Each structure stands twice: as C-alpha cells, then as structure tokens.
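Novice: For any residue, its number in my numbering is found by taking its place in the sequence shown, counting from 1, and adding 8. For each residue, glycine too, the CB sits at the ideal point set by N, CA and C. Every value quoted in this text rests on a predicted model; they were computed, and no experiment measured them. Pasting in a structure now, in structure tokens, and then I'll have a few things to ask.
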Amino acid sequence: MREIKVALAGNPNVGKTAIFNCLTGMKQHVGNWPGVTVEKKEGSYVYNGFTFSVTDLPGIYSLSTVSMDERIARRFLTEEKPDVVVAIIDGMNLERNLYLVSELLDLGVNLVLTVNFMDEVEKNNMKIDIQKLSKSLDVPVVGTVAIKGHGIQKLKDEVLNIAQAKTIPMIKYSDELERYIQRVEGILKLFNVKSNTNSRFLALKLIEEDPEIFEQIKSKVSDAKRFSQLLNEVLSDIEQKHEDSSVFVGDEKFKFIKKILRDTVEGSGKKSETFTNTMDKIFTHRIWGLPILFGIMYAVFQLTFTFGGIFADWLDSGMGLLSDWVQNTVPNAILASFLADGVIGGVGSVLVFVPNIFILFLLIAILENIGYMARAAFVMDKVMNSIGLSGKSFIPMILGFGCNVPAIMSTRTIEKGDDRIITAILNPLIPCSARIPIFLAFAGTFFPSHQGLIVFSMYIIAITLMVVLAKVLKSTIFKGEPAPFVMELPPYRVPGFLQVNTEAWKRTSLFVKKAGTFIFAAVIIIWLLASLPAGVDYASKDSYIGLMGRAIAPIFEFNGFGNWQSSVALMFGFLAKEVVVGTLGALAGGTENLGNLLSTLFTPLSAYSFMLFSLLYVPCVASLGVLVREVGMKWTIFSVILLVSLAYFVSMAFYLVGSIFV
C-alpha cells in the first residue's frame, strides 16, 4: 500500500489540531523533532487504498526563521518534501492567514487550502466564494467546521487528488517585484547554486534578507564576496524606492491577498469582532483581569473535586472490595499480600484519583478551546514584567499544570536566554497532575469540607513563590530587561465536545499508563522491601523499608512528619510524585486503609506541612532529565538544591509557626 506524506500548516488558533484529530483519529503519536525538544505530532489514516502519514507542523505565521517553530516548519517542508501540504486558515481572519499560504505557494508545494470555522463565517453574515478563491489561487479549497467534522470527507478527497496530480501553482506579483525576483534568480543561476528549495522561494527570501538562506547559499558559492556584491546591488535598488526590502515584499503579498479577497469575500465579520472586544473588556481588564483569572482557577479546582470526588469514592470502594476479595480468595498468603497490599494498595491508591484528573484536564481543555488561556497569558504579562520576565514565561506555567516535562520543553519558545533558564529551572514549582493524588489524599482526609480551597492554596503558593524567586534571580544572577511579549488573542469560540473530550482523555491516559507501568514497578519494590526480611510483620518498622525510613525520619522532625512512612514515601516520590501516594497506599495495605494510616501519622497541621514539602521539592527523574538537556547540568543542580531547600524550610517554617497557634 503506497504511503502519502501529508503536512498540516497554519497560524496558531486556526483549528489545526481539530483537523489533525479528525483525519487521524486515535492513530497518533507524539515525539520530538530531530535535534530539538519541541513536540512533534504524527498520525495516519487509510483512505481509498492509500495510507496517509500526517505531520502536524507547529503553528506559524510565515516561513521565516525568527522562531524555533518557523525553523522546524521550513526545514521539514524543504527537506522532507511532503507529497501534500494542507494549509489551514481561519475563515474569520483570511487576510492575515493567507500570508502563510502565499509563502507556501512561493515554496512550490502541492497545496490544499482548508478554510475552517465556516459556521462562524455564516453566523457573522459573511460569504466566502470557495470556488472563486480556488480559481484565484489555482489550488483546491475546502470549507470545514473541524470541531463538528464537517468537510473532512471532502478534504480527504482533495488531498488524494492533489497527491496524484502534482500540479504546482505559482503566485505572480507586481511587474516590479517579478523583475527583482528574476534578477536574483539570475544571480543564483550564475553561481550554479544547487538546492532542494526552488529558486523562486530562495530569491524572495534573499530579497527579504533572510539570514539563514543567505548563509546557506553563501557557503555553497565559489566566490562569496562577488555573490554578496551582486545581491546587495539588487537590495540597494529596492531600498532606494521602498526603504526596506522585506517590508516591500510583505506589502506586495498583502496587495495580492487583498485583491483576491475583494473578489471572493462579502461581509466583514464585525459581529464576532464586536463580541470578542466586549468580552475582552471584562476578561483582560487592567484591574479586574487578575482577580477574574484567580476566580476561574478556583472554580476549576472546586468543580474538579466536587464532581470528581463522587466517582473517586466509587472507585475507592471498588478497590476496597477487590482487595478484600483477593485476600479471601487467593490461597497463597504471599501472593495475596502482593496483589492486595502491593498492586491494589499501591497502584489503586493512585488510580482512584483518575476521575479528578480527567475533570481537571477537561476543564482546562474547555478554557483553551474557548480562547481564555491566551487571555490568561495576556493578563499575567503585567505580573511577569514586574519581575523582569515576559508573558511568554506564563505559557510554560500553564502547561506545567499537566506535566512539567513538556512545560520545560516549551521554554524553547522564549527567545531571551536568561528568561528561558529562569522559567525552566523554576517550572518544577508548578503543581503537575502527578501531585494531585497527594493533595487529594491529604485534603480528603484532613479537610473534607474544604478540599477545593486547600488544593487551590497549593497552586497560589507555588505561583507566588515562583514569582518571588524569579524576581530575586532576575535582580541578582540574571540582570536584564524582559523580551517584548506579542501574542495573538483568538476570538471566543464554543468548544466542541469531541475536541475537548479527546484532549482531556489523551492527557489522562498518560497518567493511567504511568500508573500501569512505572508506578506498578515502584510498588513491587516497595512491597518487597515492606515484606522482608522473612519473619517480620508486613510494613513494620523492622522491615527493610521501615529501617530505611527510620534512618531518614529524624531529618523531618521539625517539619511535623518525622515518621518513617512519610519519609520513605518522599524518598520514592523522587522517581515520580504519584509514587508518594502509591507508597503510602502499599504500606497501608489497601486504598480503604489509606485514610486510617494518614490519620495516625499526621495532624491537620503536619498534613498541610507535608503537602507543602511535596509541592515544592524536586519533581521527578523525567523532569530533571529534560532540565539537563534544556539548560545544562550546572543549572539543573542549582534547581535541585534550590527546590529541596525551599521545600524543607518553607514546610518547617509553616509547621513551627503553626504549632504556636494550634
């Protein structure tokens, strides 16, 4: 079966992920681009006897190389040469989105154009003549509503047709720009430049003074000095008339785009724009924007624990019944202990919180799809600037709520090196989903009436400490001005049920897989250590794990949890934070006994102190591995020392001061 390579390209917030999901379904996997730690999404689907391999390129505005995302996209298109490129544009923002389309046409790719959000176009009394747009650009054009799956069948047909036809369209600009393109192409021909990229695209990028293209070609020519001289003559001619050659090319592209839109679009879409502007006056208000953000965060956590707690209680009861059944049914005492105390007690203690985690990710996905998360970053830009960072540093913070690993990776989008290092080394402070089982287990046991508030306080403390530490680091080790923060605020949209449900389950499934593999392996080790040496009671202070815990416990005497069980839980939690609850569950001998164990080991004061330590100390091995790759060993060691010290002294200070009043 022949494989057809397809690339999805488009600006951010055009529904690219929704189309990727519609095309590939569950046949997806996520990795990293070669040589960089930027996420790469790939998937596949079978249609009419062909296998289509789909790569979702990062969201970009052009094929320049200002950002890492742009470099990745351009190199993929020029080096991998996909059979078809699907350019996805927002029907409500045609003029801006078509700029990237013009660049793709200049590059000479097999192009299919997808106009997404056609339902919004109709609601705003706009009309886009798809046939005229197709004729003007000389490419197939498909209208879609991706979150509802509308137009996807037609898109698949056009992708197959264009893959077989291989017709390469070309934009013709003004006579003036065309003359300059021909002159530069002549220079490339004179120096016999060989490249995988067509000469027209190279000529345009040289006129735009693209540094990467210039250096690539300069390294290939025999007389680099003469090449530079001839190219500078062309640029000088342009700048005598237009001041800046790159602005000249941009103006020419927008003239071409506006001409097309005059013939193909009716209406302005002011209705949607007016609604968005009205809502932004509320959500991005200079005074009320921040309290609204915290109010929404609190509501998210309250809903997570209110509704998730119902399902978690059911799961907890089910785990308890399963554990009892195993102990009463399995004849071999050692095997029964392993299954009931180790597997069900350890892994089950983590899995009971899956409903809470799914609801949290579902609510975050809804906020992302509505368009609020972009506003959250915008609102936080002012706070970030006050500590010397840009609003871009808030984006990894948002990602950190899911997992610190991709959040640390995402700091690659921060251009300023110092800002990137600060954001990366402090990102582990953001409570990831792995810490949620700890918070839920302790909040449910000691603060059952205020779970949402208690867990919300963990996030507020983490963000506050991150802000304070960033300010200190920016004022001492990393002095300098923050980089400017420019981001697009997408229009508010009604989220699609399928889209948000798919995103929430993908993130939750990673948590479940971790519980079934890594945490499972950890609880086996814990069960063995709690069962040995032979002859001692399971999970007693004289077992191997008890001896280890007793050796460590005195360190935490002034933190309020100088018992050996919590000490070994924190020790194993270094591998993965979920293992903290898994360890305590295994030592308790089952999920139904976990609350009783916690009640004997902690008071409400020491429980909150333990939560603080779990919140702030070193994240997991995977996060440290990514930190080493992103910022180097020196800054990783610095981060570990900083976080462990912070966790220890903040927890101790809280417990000692709290003991005075309790």
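Rounded to the nearest angstrom, what separates Ala538 and Leu343 at their Cα positions?
Specialist: Rounded to whole angstroms, Ala538 to Leu343 spans 14 Å at the Cα level.
Novice: Quickly, what does DSSP pair Val94 with across the bridge? List them, please.
Specialist: The partner list for Val94 (beta bridge, DSSP) reads Leu16, Val120.
Novice: Suppose you measure from the CA of Val531 to the CA of Gln573; what does that come to, to the nearest Å?
Specialist: Spanning the two alpha carbons is a distance of roughly 14 Å.
Novice: Excluding the five sequence neighbours on either side, which residues of its own chain have a C-beta within less than 6 Å of the C-beta of Gly23, listed in chain order?
Specialist: The answer, listed in chain order, is Asn124, Ala154.
Novice: So, are the CB atoms of Phe454 and Phe610 less than 9 Å apart?
Specialist: The answer is yes: Cβ separation under 9 Å.
Novice: Out of curiosity, what's the CA-to-CA distance linking Gln673 and Asn206?
Specialist: Beyond the ends of the chain as shown, which are 9 and 670, falls residue 673; an answer cannot be given.
Novice: Does Ser483 pass the burial test, meaning 16 or more other C-beta atoms within 10 Å, or should it be called exposed?
Specialist: It counts as exposed.
Novice: Spell out the partners DSSP gives Gly151 in its beta bridges.
Specialist: Answer is Val123.
Novice: Between which residues of its own chain and Leu115 is the CB-CB distance below 8 Å, once the five residues before and five after are set aside?
Specialist: Contacts found: Leu71, Leu85, Thr86, Thr205, Asn206, Phe209.
Novice: Where does Pro42 fall in DSSP's three states?
Specialist: Any answer about Pro42 is weak, because its pLDDT of 43 lies below 50 and its placement is not dependable; what the coordinates show is given next. Coil.
Novice: Specify whether the region 472-479 and the region 627-635 touch according to this definition: at least 3 beta carbon pairs, one from each stretch, less than 8 Å apart.
Specialist: Too few Cβ pairs lie closer than 8 Å, so no.
Novice: Let me know if Phe256 comes out buried or exposed under the rule of 16 or more other beta-carbons within 10 Å of its beta-carbon.
Specialist: Buried, by the Cβ-count rule.
Novice: Confirm, please, whether the CB-CB distance from Ser357 to Ala596 is below 9 Å.
Specialist: For Ala596 and Ser357, yes; Cβs fall inside 9 Å.
Novice: Can the beta-carbon of Phe309 be found closer than 9 Å to that of Leu368?
Specialist: Yes, they are a contact pair.
Novice: How long is the line joining the alpha carbons of Lys289 and Gly303, rounded to whole angstroms?
Specialist: Taking the straight line from one Cα to the other gives about 17 Å.
Novice: Measure the Cβ-Cβ separation of Val652 and Tyr625 and say whether it is below 9 Å.
Specialist: The answer is yes: Cβ separation under 9 Å.
Novice: In the DSSP assignment, what are the bridge partners of Tyr53?
Specialist: Answer by DSSP bridge pairing, in chain order: Phe60.
Novice: Contact between the region 178-187 and the region 257-276: three or more CB pairs below 8 Å?
Specialist: Result yes; three or more Cβ-Cβ pairs closer than 8 Å.
Novice: Indicate the three-state DSSP secondary structure (helix, strand or coil) for Val3 in the structure shown.
Specialist: The first residue shown for the chain is 9 and the last is 670, placing residue 3 beyond what the model contains.
Novice: Pull the bridge partners of Lys135 from the DSSP assignment, please.
Specialist: Note: Lys135 sits in a beta bridge opposite Glu274.
Novice: What's the call for Asp98, buried or exposed, on a 16-neighbour Cβ count within 10 Å?
Specialist: By the neighbour-count rule (16 or more Cβ atoms within 10 Å), Asp98 is buried.
Novice: Between which two residues does the alpha helix (DSSP H) containing His158 stretch?
Specialist: Unbroken run through His158: none, as it is neither H nor E.
Novice: Taking 7 Å as the limit between beta carbons, can you name the residues of its chain near Pro42, skipping five residues before and five after?
Specialist: Bear in mind that the predicted position of Pro42 carries a pLDDT of just 43, short of 50, making it too unreliable to give a figure here.
Novice: What are the partner residues of Glu11, as DSSP defines its beta bridges?
Specialist: DSSP, once it has assigned bridges, lists Thr59 as partnering Glu11.
Novice: For Leu368, which of helix, strand or coil comes out of DSSP?
Specialist: Three-state DSSP puts Leu368 in a helix.
Novice: Here's the rule: buried if 16 or more other CB atoms are within 10 angstroms of the residue's CB, otherwise exposed. What is Leu602?
Specialist: Buried, by the Cβ-count rule.
Novice: Which value, in whole angstroms, describes the spacing of the CA atoms of Ile246 and Gln172?
Specialist: Looking at the two C-alpha atoms, the distance is approximately 40 Å.
Novice: Quick one: what's got a C-beta closer than 8 Å to Ser110's C-beta in the same chain, skipping five residues either side?
Specialist: Ile179, Lys261, Phe264, Ile265, listed in sequence order.
Novice: Is Val92 near the ligand COA - that is, is its Cβ less than 8 Å away from at least one heavy atom of it?
Specialist: The model depicted lacks the ligand COA and carries no ligand whatsoever.
Novice: Checking 9 Å against the spacing of the C-beta atoms, do Ile534 and Ile553 come in under that value?
Specialist: Yes; because the gap between Cβ atoms is below 9 Å, this pair is in contact.
Novice: Can you give me the C-alpha to C-alpha distance between Leu238 and Val129, rounded to a whole angstrom?
Specialist: Spanning the two alpha carbons is a distance of roughly 48 Å.
Novice: Can Gly666 and Leu613 be called in contact, C-beta distance under 9 Å?
Specialist: Their beta carbons are under 9 Å apart, which means Gly666 touches Leu613 by this criterion.
Novice: Residues in its own chain within less than 7 Å of Asn56 by CB, not counting five upstream and five downstream?
Specialist: Around Asn56: Leu168.
Novice: In or out: Asp745 buried (at least 16 other Cβ within 10 Å) or exposed?
Specialist: What is shown of the chain runs 9 to 670, which leaves residue 745 out entirely.
Novice: With 16 as the cutoff for other CB atoms within 10 Å, does Lys522 come out buried or exposed?
Specialist: Buried, because 16 or more other Cβ atoms sit within 10 Å of the Cβ of Lys522.
Novice: Under 9 Å, do Val94 and Val149 count as touching if we go by C-beta distance?
Specialist: No, Cβ-Cβ distance for Val94 and Val149 is not below 9 Å.
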